[in-house]
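Numbering-wise, my numbering comes out as the position in the sequence shown, counting from 1, plus 74.
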Amino acid sequence: DYVKELLDLKNIEEQLEIKLGIGQVNIVPGDSNENPLVKKELGKAAAKVLQRFVNDGDIIAVTGGTTIATIPENLPKLSKNVLVVPGRGALGEKVEIQANTIVAAMATQLGGNYKMLHVPENLSPEAMEKLTEDPKIQEVLQAIRKANILIHGIGDALEMAKRRGTSEENLRLLEKKEAVAEAFGYYFDKDGNIVHQANSVGLRLEDLEKIPLIIAIAGGKDKAKAIKSIAASKKQHILITDEGAALELLKLC
Ligand code: BG6
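Right, dumping it as structure tokens:
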């Protein structure tokens, strides 16, 4: 907090809460674009927020990504009676940063249980439909839709599409539709409208309306545009970001 005061980050947090219309904005010093250690600070800040809000009986949905992956290692060992589930099925990420992997690590730290969702992203629509009819998969999907806490990352649209090995055709489509942000498999334009959706199952955007606590975590100057777009959808209650993204956001808003 001393460092924050020194850098006047508290003041920027308040400005962004108003400009973005998000109840709570937390900023960690530094820019994760320039210094990878700052991403770990994001994980630390997110772990702190989570500890403050987590209660027995909670169902916590989490997404994948390199940022969210830093949360479990920053959580102490707790004994919470919670269930941790992935927000969506696979989205073409490497195993280390897949939601399923993070879910298991987070549940271990929290002392709770977890359920994984084993639905690959590269199935035909018919196969996807068949698989989601399976009672075991249905059970996980039902738990996901009952989540009362959602923790998700935010990505730059084209970067995420490339990282997921999206086809050239889809990349061109995203460019044409001016997609700037990505979160849990949805792609958004600068005003927060959905312009494309990855082939996956799990949380649908309309499910977010019913989730009382949605925490978004994303940092780095390059993600400012994406964060602004996601904030425009007015669904997040807490944003955890870094100084690099925050200063750029002030310029954009
Ligand atoms: C994905 C999540 O796995 O990671 C997205 O599904 C998020 O919600 C993305 O946009 C962000 O990744 P990173 O590595 O930039 O934290």
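Even glycine gets a Cβ: it sits at the ideal position worked out from N, Cα and C.
Values in this document were obtained by computation on a predicted structure and should not be read as measured data.
- The continuous beta strand (DSSP E) containing T315 extends over residues I312 to D316.
- Remark: the shortest separation between the CB of F127 and any heavy atom of the ligand BG6 does not fall under 7 Å.
- Look at A290 here: in three-state DSSP terms it is strand.
- For E256, the pairing in a beta bridge is given by DSSP as G229 and Y261.
- Here N187 carries a strand assignment [DSSP, helix/strand/coil].
- Residue nearest to K151 within the set E167, A173 and G185 is G185 (criterion: CA-CA distance).
- D105 sits buried, since 16 or more C-beta atoms from the chains shown fall within 10 Å of its C-beta.
- Runs of the beta strand (DSSP E) spanning 3 or more residues and lying entirely within the region 139 to 178 occur at 157 to 160, in chain order.
- For A135, the enclosing beta strand (DSSP E) stretches over residues I133 to V136.
- In this structure, I223 lies near F127, with their beta-carbon atoms less than 8 Å apart.
- Less than 8 Å separates the beta-carbon of I96 from that of L313.
- A Cβ-Cβ separation of about 28 Å leaves A319 out of contact with K284 under the 8 Å criterion.
- In the structure shown, V269 falls within a strand segment according to DSSP collapsed to helix, strand and coil.
- The closest CA to that of A255, considering only R162, I134, E170 and S307, is found on S307.
- Rounded to the nearest angstrom, the gap between the Cα atoms of E200 and L165 is 18 Å.
- Just measuring C-alpha positions, the residue of E108, D208 and A257 sitting nearest G138 is A257.
- Under the 8 Å Cβ criterion, the region 258 to 273 does not count as touching the region 175 to 194, having fewer than three qualifying pairs.
- For I101, the enclosing beta strand (DSSP E) has its first and last residue at Q98 to V102.
- Here A235 has L245 and L248 as same chain residues with Cβ atoms under 6 Å from its own Cβ, once five neighbours each way along the sequence are excluded.
- From the listed residues R219, G163 and E322, the smallest Cα separation to M202 is found for G163.
- Assignment of beta-bridge partners to L224 by DSSP yields A135 and I288.
- The criterion of a C-beta distance shorter than 8 Å is satisfied by H226 and G161.
- DSSP, reduced to helix, strand and coil, places G239 outside both helices and strands of the structure shown, so it counts as coil.
- For G117, the three-state secondary structure derived from DSSP is helix.
- Here the alpha carbons of L282 and Q310 stand approximately 9 Å from one another.
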